[in-house]
Amino acid sequence: MANPYLPAPSVGAPAPAAGQLLPMFSTFVHPSAAQRVCNVLASTYLSEGKLVQEFEARLSAELGMRHPAALNSGTSALHLALEVAGIGAGDEVILAPQTFIASALTVVQVGARPVFADIQYDTGNIDPADIEHRITPRTKAIMAVHWGGYPCDLTEIQAIADRHGLVVIEDAAHSPGATYQGQAIGSISDFTCFSFQAIKHLTTGDGGALCARSPELAREVFRRRWFGIDRASSPVNELGEREYDLTDVGYKYHLSDYAAALGLANLDGFAGRMTARRARVQQYRDGLRRVPGLTHFVHQPDRESAHWLFGFHVENRLGFIRALRARGVAASVVHDGIDHNALFGGKRPDLTRQRHFDETQIHIPLHDALTAEQAAYIVDIIKQGW
Ligand SMILES: Cc1ncc(COP(=O)(O)O)c(C=O)c1O
Numbered sequence: 001m002a003n004p005y006l007p008a009p010s011v012g013a014p015a016p017a018a019g020q021l022l023p024m025f026s027t028f029v030h031p032s033a034a035q036r037v038c039n040v041l042a043s044t045y046l047s048e049g050k051l052v053q054e055f056e057a058r059l060s061a062e063l064g065m066r067h068p069a070a071l072n073s074g075t076s077a078l079h080l081a082l083e084v085a086g087i088g089a090g091d092e093v094i095l096a097p098q099t100f101i102a103s104a105l106t107v108v109q110v111g112a113r114p115v116f117a118d119i120q121y122d123t124g125n126i127d128p129a130d131i132e133h134r135i136t137p138r139t140k141a142i143m144a145v146h147w148g149g150y151p152c153d154l155t156e157i158q159a160i161a162d163r164h165g166l167v168v169i170e171d172a173a174h175s176p177g178a179t180y181q182g183q184a185i186g187s188i189s190d191f192t193c194f195s196f197q198a199i200k201h202l203t204t205g206d207g208g209a210l211c212a213r214s215p216e217l218a219r220e221v222f223r224r225r226w227f228g229i230d231r232a233s234s235p236v237n238e239l240g241e242r243e244y245d246l247t248d249v250g251y252k253y254h255l256s257d258y259a260a261a262l263g264l265a266n267l268d269g270f271a272g273r274m275t276a277r278r279a280r281v282q283q284y285r286d287g288l289r290r291v292p293g294l295t296h297f298v299h300q301p302d303r304e305s306a307h308w309l310f311g312f313h314v315e316n317r318l319g320f321i322r323a324l325r326a327r328g329v330a331a332s333v334v335h336d337g338i339d340h341n342a343l344f345g346g347k348r349p350d351l352t353r354q355r356h357f358d359e360t361q362i363h364i365p366l367h368d369a370l371t372a373e374q375a376a377y378i379v380d381i382i383k384q385g386w
């Protein structure tokens with residue numbers, strides 16, 4: 001069966017048909033996924049089982065993740081990381097506002113307070129130089145969100161964390177497959193949280209993974225993702241009851257086998273799809289090198305983005321969005337600084353680079369179904385001006 005999400009071989013002009021938009025995102029479903037998921041349904045073993053284990057083993061072997069625990073969402077991964085790190089009522093967590101609300105929402109869910117630090121205007125990531133003066137006796141963690149898949153300055157962030165005894169939690173929802181100084185994202189900090197939601201690089205429909213660097217904390221993650229019960233050391237007795245003594249709060253956050261089947265299918269060819277994504281990025285960078293009114297984000301040679309997004313800054317942003325839309329191409333800010341939400345205390349004027357970023361950032365389509373011809377068309381229409 002042909003996969004409807006894979007790009008059709010290009011023929012002739014790649015411009016979208018009238019009334020159609022080249023979308024910002026696509027959902028990749030591998031051609032083998034339907035059969036694999038059907039096999040799970042036929043087996044009637046739907047919940048967390050062998051396929052979840054196999055998925056975790058492949059996340060380790062193929063994406064370099066350390067002790068990945070497969071979960072039902074990236075939000076669950078963030079929440080569980082905060083819980084296992086022991087962050088709770090009265091504590092503070094420092095993070096950048098340039099993210100999705102899930103990052104700060106989970107901080108509020110554990111009873112702690114999100115404290116926003118400013119970003120680097122040229123990446124959207126937290127600025128390490130704006131962290132230290134925000135640390136108080138209540139600060140327990142730094143949450144580093146890799147905006148669009150581009151890794152934060154982890155060496156500087158870890159150095160600050162070490163000086164002040166803080167935990168580092170990476171929100172790597174956009175970053176499976178990214179590397180920092182030669183190391184895989186998912187193998188570096190105390191905790192790293194991934195999302196496998198539908199429009200991410202690697203999807204299980206909804207899902208996520210939490211990597212804890214230390215084996216002890218990883219054991220805690222595995223125990224507390226399933227109610228707080230250690231399955232391995234809680235045998236079922238003759239009465240048919242599982243023996244355990246619940247000592248702390250756990251959650252029902254595990255991934256299920258039918259979702260893992262989709263994840264396993266989508267891991268096939270993942271590296272090749274990332275290569276194609278990097279090629280589209282290079283095409284955009286080369287094609288848009290000297291366009292008046294457009295300023296590129298910075299990419300340091302010591303790290304490789306996962307390229308979930310392709311973003312830059314533009315003058316007259318609304319004009320840009322309308323010009324692309326008129327020629328059949330979507331463009332989006334994806335997310336603005338989340339500090340503006342009342343729950344998080346409202347917009348902070350002192351975060352000047354975030355405020356500037358809010359006004360100029362924009363992203364253009366980048367996903368597995370985007371062809372070289374479509375990218376060339378997008379470059380072409382941008383170069384025509386807005
Ligand atoms: C930066 C960031 N963190 C966390 C999440 C939450 O992930 P999920 O939707 O899998 O819960 C998202 C979702 O898109 C995100 O963009």
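Quick note on the UniProt record's numbering: the sequence shown kicks off at 1 and runs consecutively. All C-beta atoms in this analysis are idealised placements derived from N, C-alpha and C, irrespective of residue type, glycine included. Bear in mind the structure is a predicted one, so any value in this text is a computation, not a measurement.
Here DSSP, grouped into helix, strand and coil, assigns GLU216 to helix. Boundaries of the beta strand (DSSP E) harbouring ILE362: 361–364, taken from the DSSP string.
With at least 16 other beta carbons inside 10 angstroms of its own, LYS140 counts as buried.
Per DSSP, THR192 is one residue of the beta strand (DSSP E) stretching across 191–195. Taking C-beta separations shorter than 6 Å and ignoring five residues to either side along the sequence, the partners of ALA212 in its chain run HIS67, PHE191, ALA218 and VAL221, following chain order. Between the alpha carbons of GLN374 and GLU359 lies a distance of about 27 Å. Given a length threshold of 3 residues, each whole run of the beta strand (DSSP E) inside the stretch 325–386 is given here in chain order: 361–364. In this structure the stretch 238–251 does not touch the stretch 329–346; the number of beta carbon pairs closer than 8 Å is below three.
For THR192, the Cβ stays outside the 8 Å cut-off from all heavy atoms of ligand 1.
Beta-bridge partners assigned by DSSP to ARG242: VAL236. Of the residues assessed, SER233 falls on the exposed side of the cut-off, its CB having fewer than 16 other CB atoms within 10 angstroms. In the DSSP assignment, GLU48 falls outside any alpha helix (DSSP H), carrying neither H nor E. Using a Cβ distance threshold of 9 Å, TRP147 and ALA81 do not count as a contacting pair. At least one heavy atom of ligand 1 lies less than 8 Å from the C-beta of PHE100.
Taking C-beta separations shorter than 7 Å and ignoring five residues to either side along the sequence, the partners of GLY49 in its chain run ASP257, following chain order.
Under the criterion of beta carbons closer than 8 Å, ILE87 and ALA112 qualify as touching, at roughly 5 Å. The residues ARG242 and GLU243, in chain order, have a CB closer than 8 Å to that of PRO235 in the same chain once the five nearest residues on each side in sequence are set aside. Annotation: GLU315 is outside any alpha helix (DSSP H) and is labelled neither H nor E by DSSP. For GLY208 against GLY74, the beta-carbon gap comes to about 4 Å, under 8 Å, which counts as contact.
Cα atoms of ALA369 and GLY269: separation of roughly 14 Å, rounded to the nearest angstrom. In terms of Cβ geometry, HIS254 and ALA70 form a close pair [threshold 9 Å]. In this structure, the straight-line span from the alpha carbon of ASP286 to that of GLY124 is close to 21 Å.
According to DSSP, residue pairing for PHE116 in a beta bridge involves LEU95. When DSSP states are grouped into helix, strand and coil, ARG290 belongs to the coil group. With 16 or more other Cβ atoms from the protein chains shown falling within 10 Å of its own Cβ, HIS363 counts as buried. At a Cβ-Cβ threshold of 9 Å, ALA77 and LEU210 count as neighbours. The three-state secondary structure of LEU309, taken from DSSP, is coil. Straight-line spacing of the CA atoms in LEU288 and VAL298 works out to 14 Å. In this structure, ARG224 lies near GLY250, with their beta-carbon atoms less than 9 Å apart. In the DSSP assignment, ASP171 falls within the unbroken beta strand (DSSP E) covering 167–171. In the DSSP assignment, THR139 falls outside any alpha helix (DSSP H) and within the unbroken beta strand (DSSP E) covering 139–145.
When the alpha-carbon of MET143 is set against those of HIS133, PRO137 and PRO128, the nearest one is in PRO128. Bridge partners of GLU304 according to DSSP: THR179. With contacts defined as CB atoms closer than 9 Å, LEU267 and LEU309 fail to qualify as a contacting pair. Assigned with DSSP and collapsed to three states, GLY263 falls in helix.
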